[in-house]
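Below: one structure, written as structure tokens.
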Amino acid sequence: MGLLIKNAEIVNAQGPWEKAQDIWIDNGKIGEIAPSIRRDGCPVIDARGKKVFPGLIDLHVHLREPGREDKETIETGSRAAVKGGFTSIFCMPNTTPTIDTAQVVQYILDQARKVGLVNVYPVGAITLGREGAQLTEMMDLKRAGCLGVSDDGRAVMNAGVMRRALEYAKMAGLLVMQHCEDETLSAKGVMNEGATSTLLGLAGDPVVAETIIIARDIELSRYLGTRVHFMHVSAARSIDLIRRAKAEGIAVTCEATPHHFTLTEDVVKTFDTATKVNPPLRRAEDVMALHEGLRDGTVDCIATDHAPHTREDKEVEFAVAPPGLIGLETSLGIVLTDLVPAKVLDLPRVVEKMSTSPARLMGLSQKGEIAVGKDADITIVDLNKEWTVTREDTASKSKNTPFLGRKLKGRVVTTVCGGKVVYQE
Ligand code: DOR
């Protein structure tokens, strides 16, 4: 049985459709788009007055399964994803065991299929155990279903290892996704290094820990002619480096997170461990630079770095709390509330950063656009709906977000994945 979406105000990255359309979905694909479609006896969703986006895609999610199912599982993470409007998520390999073999990839794919809500793409590790020394069998990871590799949570510190990783990943057709942090510089830092960290008596993690890896990898990418994707970039200087590299035609891309482009290190003054994240929240100038990077295309995508942690793990001293915050359910709301009215992005650019461009980076040619023949992954959004972020309303198993109590405008009302309604408010 198909599905009919009536009166859809479609927004694609290349622009919005002028008039509302009906969308006929059949066999998991978009079958027809026309001003008025009639099909008898099939389920109908009336999207009148709502915006209809291609399903959102998040390149950076921690699902914690296998190993820390007390923080999140593939099931709870999938529920959080569809509630936030995501139809495809890429899950990071810092699980236990690490996603560094085809077997672990297979386990995650099997679990995700059983849950059946969202497309889950496991990201394989670059090095065994994410230890930075020995490369994983990238061909095996690719065959098992990986599209990208990362040691996220850690950078590949050794330039020689990174060189081989870039070469092998290119051969295997995998995107290398780098967590940019020189551990010898970030050391024991728990927040941005500067006047505020000194004032608070907290160890600082300087911007240069991030930029030195970005600068190095730009050089490797230039030398080898390979692609590299920089994850969760947080600083003005990082944007400068990437902007310049792109202008020179080097194949680098990057993502930014809602917390990095809306919050500053000032919120750490509360000592709320939900504000502890890696890379750390930076200064207002950095937030402005991320906005400029989003505007001018230096920042390719918005990713959440959804990083669930239990209350027990987070309710400790700031210095020892694990870094990370959840983001799947608030990402679109924050973008619509903070970036769209401020004219950092218009709606087509939101779709580009949250769907079209992540699909393109990962080679998902059937996703990222609402068009006949594409996968029926669709997110329906009520731009006028106001809501407040609360613990109770959070589907994720963990509730570690600095946005609790935040009022947002714009909310997902329906998510369709592969032609199936997977979330309805
Ligand atoms: O804040 C973070 N948390 N940054 C990372 O890179 C890893 C993540 C996690 O796994 O908790």
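Taking our numbering, the leading residue of the sequence shown gets 7, the next gets one more, and so forth. A virtual CB, placed ideally from N, CA and C, is assigned to each residue, including glycine. If you're wondering where the values come from, they're calculated on a predicted model, not measured in any experiment.
Asked	Found
N- and C-terminal bounds of the alpha helix (DSSP H) containing residue 168	165-178
Bridge partner(s) assigned by DSSP for residue 128	97
Residue 131 CB to nearest heavy atom of the ligand DOR below 7 Å	no
Residue 283 beta carbon near the ligand DOR (any heavy atom closer than 7 Å)	yes
Continuous alpha helix (DSSP H) assignments of at least 4 residues falling wholly in the region 353-388	353-357, 363-368
Residues of its chain near residue 319, where Cβ-Cβ distance is below 8 Å and the 5 sequence neighbours each way are ignored	77, 327, 328
Reference residue 210, options 139, 393, 71, 282, closest by Cα	282
Neighbourhood of residue 142 by C-beta, 8 Å cutoff - its chain only, sequence neighbours within 5 removed	106, 107, 130, 131, 132, 133, 134, 155
Contact under 8 Å by Cβ, residue 94 with residue 121	no
Residue 112 classed as buried or exposed, judged by whether at least 16 other C-beta atoms fall within 10 angstroms	exposed
CA nearest to the CA of residue 147, picked from 127, 162, 160	127
Exposed unless 16 or more other CB atoms sit within 10 angstroms - verdict on residue 193	exposed
Exposure label - residue 399; buried when at least 16 CB within 10 Å	exposed
Local conformation of residue 413 per DSSP, three classes	strand
Cβ-Cβ distance between residue 334 and residue 87 below 8 Å	yes
Contacts around residue 232, its chain only, beta-carbon distance under 6 Å, and the 5 residues preceding and following it disregarded	172, 176
DSSP state of residue 403 mapped onto helix, strand, coil	coil
Closest by C-alpha distance to residue 289, when choosing among 430, 257, 273	273
Backbone CA spacing between residue 200 and residue 212 [nearest angstrom]	8 Å
Residue 263 - DSSP class collapsed to helix/strand/coil	coil
Counterpart residues of residue 197 in DSSP-defined beta bridges	210
Bounding residues of the beta strand (DSSP E) (the contiguous stretch that carries residue 66)	62-67
Three CB pairs or more closer than 8 Å across the region 294-311 and the region 244-253	yes
Beta-carbon contacts of residue 414 that lie in its chain and below 8 Å, excluding the five residues immediately before and after	336, 339, 340, 342, 343, 392, 393, 394, 395
Other residues of its chain near residue 365: CB distance less than 7 Å, five sequence neighbours each side excluded	63, 373, 374
Classification of residue 420 by the beta-carbon crowding that lies within 10 angstroms, buried from 16 upward	buried
Beta-carbon proximity list for residue 145, same chain, < 7 Å, skipping 5 on both sides	178
Inter-residue spacing [alpha-carbon to alpha-carbon] between residue 294 and residue 150	40 Å
Endpoints, the alpha helix (DSSP H) within which residue 37 is located	Element bounds for residue 37: not the alpha helix (DSSP H) but the beta strand (DSSP E), 35-40.
N- and C-terminal bounds of the beta strand (DSSP E) containing residue 300	Looking at the DSSP string, residue 300 is not in any beta strand (DSSP E); the run it does join, the alpha helix (DSSP H), is 290-302.
Distance cut-off 7 Å: residue 313 Cβ against heavy atoms of the ligand DOR	yes
Reference residue 311, options 265, 278, 225, 277, closest by Cα	265
From 139, 216, 227, residue whose alpha carbon lies closest to that of residue 181	227
N- and C-terminal bounds of the alpha helix (DSSP H) containing residue 112	108-121
Sub-8 Å separation of residue 219 and residue 248 beta-carbons	no
Residues that residue 21 bridges to, as DSSP identifies them	18
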